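Residue numbers (this note's numbering): 188 to 505.
We treat Cβ as the ideally placed atom computed from N, Cα and C, and that holds for glycine.
All values derive from a computational prediction rather than experimental measurement.
Worksheet: the structure to be examined is printed underneath.
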Ligand SMILES: Cc1cc2nc3c(=O)[nH]c(=O)nc-3n(C[C@H](O)[C@H](O)[C@H](O)COP(=O)(O)O)c2cc1C
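Next comes the structure, spelled out in structure tokens:
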């Protein structure tokens, strides 16, 4: 009885400490180093530009506010912290200008961007790692694990055609090779192919604007909460669920499908609405959605999303 009570108390006190830790270190916190915060903020906004350009039919002059934000924020950013946000922003802005030049569009904003880019040429020599890059499905299926990992990318140019159920089950079975704590296998995956239901779920998710109508196959990955107990395990549904989701994306790639992870960074109200719309039991924590399907064409274009040099993220301890 006492041990059960101490678990309940522990769950509340850990939730409080989680909240305090998040408040202290989250991206709005004034106690966090400015360069660190700017690094993430610029990357997030630059990504919306590269993502917009990777869509099958980008809207002309999309994202004016984001573009102004990125230029202003980058001007104030110290690239000694990491040049990655600069590469990503400048590459995206350069690709934005090139896309509009190809479309024969002119606008004062494009001139403004071109002038801005000139001021950066001396500060950060080209080529800038950003914008979009060509991507091919021709080498499928990737022969080695290295090739598979290196060849996965978020694909937002999908065919809405439903994929046969037995092939989907094959991909899920492959993803089940994901490790899980004590082999609990708490991950669950819900598959949707009904267009109306998919659109309802994507509208609640909100991160697939620009390509939602082309999504004809959708996973919602979740994790059964009852696999976990006690305060120490409060986040483990996310750990196991995310590992499973990663394997599921690799499985999609190995099947020759495109896949795009879709965040479920949502509050309880939206999580409940998604569960209701998707017929998902209340005892499952939602991890993420994954839009998937045949690619529109074997040769496509994806957001560049450059990676940081490994030395920037690794700490080799003595
Ligand atoms: C948990 C998670 C959530 C994501 N959510 C979205 C999303 O809502 N919309 C979207 O277009 N891309 C989303 N992405 C894709 C990222 O933008 C993408 O993984 C990142 O830019 C790296 O590019 P890559 O996947 O092509 O390597 C998400 C990725 C992850 C891992």
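Query raised in the report: Can you pull the DSSP bridge partners for residue 476?
Result: 407 and 449
Query raised in the report: Roughly how many angstroms lie between the CA atoms of residue 467 and residue 409, to the nearest whole one?
Result: 9 Å
Query raised in the report: Where does residue 245 land, buried or exposed, given buried means 16+ other C-beta within 10 angstroms?
Result: Flag for residue 245 reads buried.
**Report entry** Segment contact, 8 Å Cβ cut-off, at least three pairs: the region 452 to 464 with the region 420 to 438
**Finding:** no
Requested in this report: Name the residue from 315, 452 and 395 whose alpha carbon lies nearest to the alpha carbon of residue 493.
Outcome: Among 315, 452 and 395, the Cα nearest to that of residue 493 is on 315.
Query raised in the report: According to the neighbour-count rule (16 or more other Cβ atoms, all chains shown, within 10 Å of its Cβ), is residue 413 buried or exposed?
Result: exposed
Query raised in the report: Below 8 Å, can you find three or more Cβ-Cβ pairs linking the region 317 to 337 to the region 270 to 288?
Result: yes
Report task. Using 8 Å as the cut-off, classify the Cβ of residue 475 as near or not near the heavy atoms of ligand 1, replying yes or no. Result -> Within the cutoff, so yes.
Requested in this report: Examine the Cβ distances between the region 394 to 411 and the region 486 to 505 and report whether three or more of them are shorter than 8 Å.
Outcome: no
**Report entry** Local Cβ density within 10 Å of residue 239, reported as buried at 16 or more and exposed below that
**Finding:** buried
Query raised in the report: Between residue 402 and residue 345, is the Cβ-Cβ spacing less than 9 Å?
Result: yes
Query - residue 162 versus 193, 191, 198 and 190, residue with shortest Cα-Cα distance - result: Residue 162 falls outside the range modelled here, since the chain spans only 188 to 505, and no answer is possible.
Query raised in the report: DSSP three-state call for residue 232: helix, strand or coil?
Result: helix
Report task. Would you list the residues sitting across from residue 322 in a DSSP beta bridge? Result -> Bridge partners of residue 322: 487.
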